């Protein structure tokens, strides 16, 4: 042995398969080593001679453009020496010219891409693919994203498929979505977003800062982020928001072009943000709220204006109630807040309102929403209003040539219903409303509301247009006003439902049921309207109205039918690019007591299914055929049909142009699949035509060795 021969490194082995299995990162489709913070990983260094006690050997981890020791962006680690910024390195074993080192990063290290160089006496060795990706670690008890339950981590961090729940509270349906956080270039896209966020190294330590920054960067507003929102109905120079079935194509395209991808609506923003957070190692889930308020004034009230025919008017409202809205919950300890607000935090990348000058929202502790602690950062007032606002209905009537506003109903329990996410380890919807709010009418709910109202000053109940003042504005220090449902002397109730399946091309057959529970003879004026609306609450077409006066005796009910002919709506249905819902609004007034009640229900059209035929299992790298079969069971031609299919780890996103499908016709499309990854994989399919936008399905297959 010649100790005078200066020590140089001849090679570095990142022991990728061993490390990534230990770190639950073996899914990432990337050449480099991906590890999670706070957990040891091994590096094997080959030298030109045996390592001697007097030799100097150090591993240098640098992050960012110009790593410097005094800024903490360059870590120089020597075996068995004191830890540096919470990082440690030790010599596991020496075997001739090989030495095996174990590196443990700090459980609150900044996440990102580190370059590893190995320094000996006079020499610096730069290994090939020497960039190491360091992620958050839900498996490490000292990481603030630590999640104890194994099944939950499997779902919220490792599952690359799932569902996003859409539709309306009356008819919820699941839209399969491929998150694809392990696909090629997705991790690189996330790293690009981290760099683009301009978060300081220190801010990259905490998922609260990272998730807030990502909620801003997933929308294109302010910062040329990932997805450009568009609710106009015109998507001619981009992809219609309905045409995506996952985040992969979007993030890959964004990473390649560095330009916003056109176009998205709320479920697209939530799907992409879910991918980004899971990819970075933060447990994340998509959360859908039905009848979500977009309360622009933070007065916990949304005003809905109707004309005398009971039809909703678009023009007067700045506020709106969305049939559904989708955001994300991310899991973390909130070390920046008082105790009691750890766990799920809401973040939202749909550009609705600016927060601190940017379109970003959250993280807002879900517990703060439940308890009414709406002063806590970030954006808890906005999130609270989304699930707790009141809906006030006004009829606009012309009186002496002027518009006058008459209040015809207040609902205090209709906003923020059926809050939904995918169940852990199962393909079903689970209702998480209780995590966001106490049961309506319970003592805890009253207290939580009092608390919230003490931080949000409602501006007194006047309609927005500023005509009729109904309640005097609050004085200086009076108790905050928590609105109550108006008292109803006759026990008047309304129910709206469909009496036949709502198939495009058939008449829409619905019914409004009027119920009364007080003894006596009652005369009820009923006004009903049917409209087509976007999920954001924007009305697209008026289809028909009814006006009836009915007599009810004692405790009784009457069903009033409402029928819309296909001609009244098919033209609109074929010309819109979005999925529309059927909105039925009913106003009832009891003549004798002046009781007034307004109710609305949104329903979705029902469609024939797509069937997927393929084997239950297949062997790795062995081809199999997958067939998609669709029968048009409707009475209308489906024009310009496209079938979009994607199977992560099986085949890339593919589009079949199917042309027009006549009533009764069956179409079959085959694709040859080559599985490249083990385990349960899913194939997602979606059919889009001029008339219908919402048919999707999925099927699982198990890939074995």
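Numbering (the UniProt record's numbering), first residue to last: 1 to 705. We put the CB at the ideal spot given by N, CA and C, even for glycine. Keep in mind the model is a prediction, meaning the values are calculated, not measured.
Annotation for residue 651: no alpha helix (DSSP H) segment contains it, though the beta strand (DSSP E) segment containing it runs 651 to 661. DSSP places residue 269 in the helix class (H, G or I) of the three-state scheme. No alpha helix (DSSP H) of 4 residues or more sits fully in the region 392 to 434.
By the criterion of a C-beta distance shorter than 6 Å, residue 577 is surrounded in its chain by 233, 235, 240, once the five residues flanking it on both sides are discounted.
97 is the residue among 24, 74, 97 whose C-alpha sits nearest the C-alpha of residue 8. Setting aside the 5 residues that flank it on each side, residue 617 is surrounded in the same chain by 701, 702, 704, each with a C-beta closer than 7 Å to its C-beta; the list follows chain order. Judged by DSSP secondary structure, residue 455 falls within the alpha helix (DSSP H) whose first and last residues are 443 to 455. Contact check between the region 335 to 346 and the region 251 to 268: fewer than three CB pairs, one atom from each, fall below 8 Å, which does not count as touching. Take residue 543, set aside five residues on each side of it, and the residues of its chain with a beta-carbon closer than 7 Å to its own are 530, 531, 532, 564, 568, 569, in chain order.
Judged by pairs of C-beta atoms under 8 Å, the region 271 to 285 touches the region 237 to 251, as three or more such pairs exist. By the criterion of a C-beta distance shorter than 7 Å, residue 183 is surrounded in its chain by 29, 248, 648, once the five residues flanking it on both sides are discounted. Listed as beta-bridge partners of residue 278 by DSSP are no residues whatsoever. For residue 178, the uninterrupted beta strand (DSSP E) run begins and ends at 171 to 178, by DSSP. Judged by DSSP in its simplified three-state form, residue 333 adopts coil rather than helix or strand. Buried is the label assigned to residue 214, since at least 16 other Cβ atoms lie within 10 Å of its Cβ. Under the DSSP assignment, residue 152 falls in the alpha helix (DSSP H) whose first and last residues are 150 to 153. Our two residues, residue 392 and residue 409, have alpha carbons roughly 6 Å apart in a direct line. Residue 658 and residue 667 have their C-alpha atoms roughly 8 Å apart. For the 8 Å CB-CB criterion, residue 155 and residue 424 form a contact. The residue from 572, 56, 304 with its alpha-carbon nearest to that of residue 406 is 304.
Across the structure, residue 445 and residue 416 are spaced so that their CA atoms are roughly 14 Å apart. Nearest in C-alpha terms to residue 452, of all of 62, 382, 403, is 382.
Cβ atoms of residue 63 and residue 110 come within 8 Å of each other, at about 6 Å. Contiguous alpha helix (DSSP H) elements confined to the region 334 to 390 occur at 366 to 371, 380 to 388, taking only those with 4 or more residues. The beta carbons of residue 582 and residue 603 sit about 5 Å from each other, so the pair counts as a contact at 8 Å. Taking the CA atoms as reference points, residue 190 sits about 37 Å from residue 605. The Cβ-Cβ distance between residue 13 and residue 39 does not fall below 8 Å.
Under the three-pair Cβ rule at 8 Å, the region 355 to 366 does not count as touching the region 307 to 316. Judged by DSSP secondary structure, residue 188 falls outside any beta strand (DSSP E) and instead within the alpha helix (DSSP H) spanning 186 to 196. Straight across, the Cα-Cα distance linking residue 495 with residue 558 is about 10 Å. Here residue 254 carries a helix assignment [DSSP, helix/strand/coil]. Under the three-state reduction of DSSP, residue 21 is assigned to helix.
Taking a C-beta distance under 8 Å as the contact criterion, residue 322 and residue 175 do not qualify as a contact pair.
Between the alpha carbons of residue 609 and residue 100 lies a distance of about 56 Å. Residue pairing from DSSP places residue 641 in a beta bridge opposite 659. Residue 652 and residue 186 have their C-alpha atoms spaced approximately 14 Å apart.
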